[in-house]
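S.K.: Following this message is one structure expressed as structure tokens.
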Amino acid sequence: MADDNEKVSVDQYGRKQWDVEAYAAESKRRKKNNLKKEVAGPQIENDKSASYLNHRQDVYLQSTRAVNKFTIVNPLANYGKQKKFGFLCPICDLSYRDNLGLIDHLNSPQHLNKVKAETKTEGDEDRPEIDGVKRATVEEVRATIEKLVQQQLAADEPQQTLEDRIEKRRQFEQKQLQKRRDKRREKKRKKSVSEDDEISATMGFGKFG
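In structure tokens form, the structure reads like this:
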């Protein structure tokens, strides 16, 4: 109130007069203080606000560190067995948002070890290993040899090109056309012989000789 009284005065006629320079100086001082508060930002008044800001900063840092990284998500924990999404690996029971993540998972040691454990047959534990490779059984050797023989036979067969197939089709169509022509020619010949026989019988030529 004392400051306000200093800014207002009364002239000799009893009229109030305001000190314009004092008001202008106060206005500048207030603007300067407000600008400092905006730059400094809100002040933390208690531990609760500080902990929230720290938590928000941690979440932000975790989000930025997760850029260009893939996170394995188990849909069963949140959605149940009937509500899976994306691309699923039934062996590891994991789902991925895109096929790139699934391909990376299929090549991962985690997936390969689980596949190896599930596909292991009885007696594999007793088979000796050489440099980490188990000895093959007689049945496996026979199956491999038969497979290689079939592949070799398939490779030895001549591979027909497009021109060869076209030429083969053209020859087939020509043979079919020739058969139809021969059939029509034979039909005409039989018809002509039948007409000649009728004419001969009508004129009595068949009675001579």
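In this text, residue positions in the sequence shown follow our numbering: the first is 92, and each later residue adds one.
Cβ coordinates follow ideal geometry from the N, Cα and C atoms, glycine included.
Return the chain-ordered list of same chain residues with a C-beta closer than 7 Å to the C-beta of Lys270, the five sequence neighbours on each side being excluded.
M.R.: So no residue of the chain qualifies.
S.K.: Quick one: residues in its chain with C-beta nearer than 8 Å to the C-beta of His373, no 5 flanking neighbours on either side, listed in chain order?
M.R.: Any question about residue 373 goes unanswered here, given that the chain covers just 92 to 300.
S.K.: Does DSSP put Val240 in a helix, in a strand, or in coil?
M.R.: Helix at Val240.
S.K.: With respect to the alpha helix (DSSP H) encompassing Asp189, which residues constitute its N-terminal and C-terminal limits?
M.R.: Segment: none, Asp189 is in no alpha helix (DSSP H) and carries neither H nor E.
S.K.: Roughly how many whole angstroms lie between the Cα atoms of Arg233 and Asp247?
M.R.: In a straight line, the C-alpha of Arg233 is about 21 Å away from that of Asp247.
S.K.: Using the C-alpha atoms, what's the distance from Ala113 back to Lys122?
M.R.: So the two alpha carbons sit approximately 14 Å from each other.
S.K.: With which residues is Thr183 paired in a DSSP beta bridge?
M.R.: The displayed chain sequence assigns Cys, not Thr, to residue 183. DSSP, once it has assigned bridges, lists no residue as partnering Cys183.
S.K.: How many angstroms separate the CA atom of Leu126 from the CA atom of Glu117?
M.R.: Near 14 Å, if we compare the C-alpha coordinates of Glu117 and Leu126.
S.K.: Since I believe Asn159 is in contact with Phe178 (beta carbons under 8 Å), could you give me their beta-carbon distance rounded to a whole number of angstroms?
M.R.: Wrong, their Cβ atoms sit about 19 Å apart, outside the cutoff.
S.K.: Could you give the residue range of the alpha helix (DSSP H) that holds Ala208?
M.R.: Counting along the chain, the alpha helix (DSSP H) containing Ala208 begins and ends at 200-209.
S.K.: Drop a sphere of 10 angstroms on the beta-carbon of Leu185, count the other beta-carbons inside from all chains shown, and report buried for 16 or more, exposed for fewer.
M.R.: With 16 or more Cβ atoms within 10 Å of its Cβ, Leu185 is classed as buried.
S.K.: Using only the alpha-carbon positions, how far apart do Lys281 and Asp288 sit?
M.R.: Near 11 Å, if we compare the C-alpha coordinates of Asp288 and Lys281.
S.K.: Beta-carbon within less than 7 Å of Lys139's beta-carbon, same chain only, minus the 5 sequence neighbours each way: which residues are those?
M.R.: Residue confidence for Lys139 is low, a pLDDT of 48 falling below 50, so the modelled location carries little weight; the figure read from the coordinates is stated next. Answer for Lys139: no residue qualifies.
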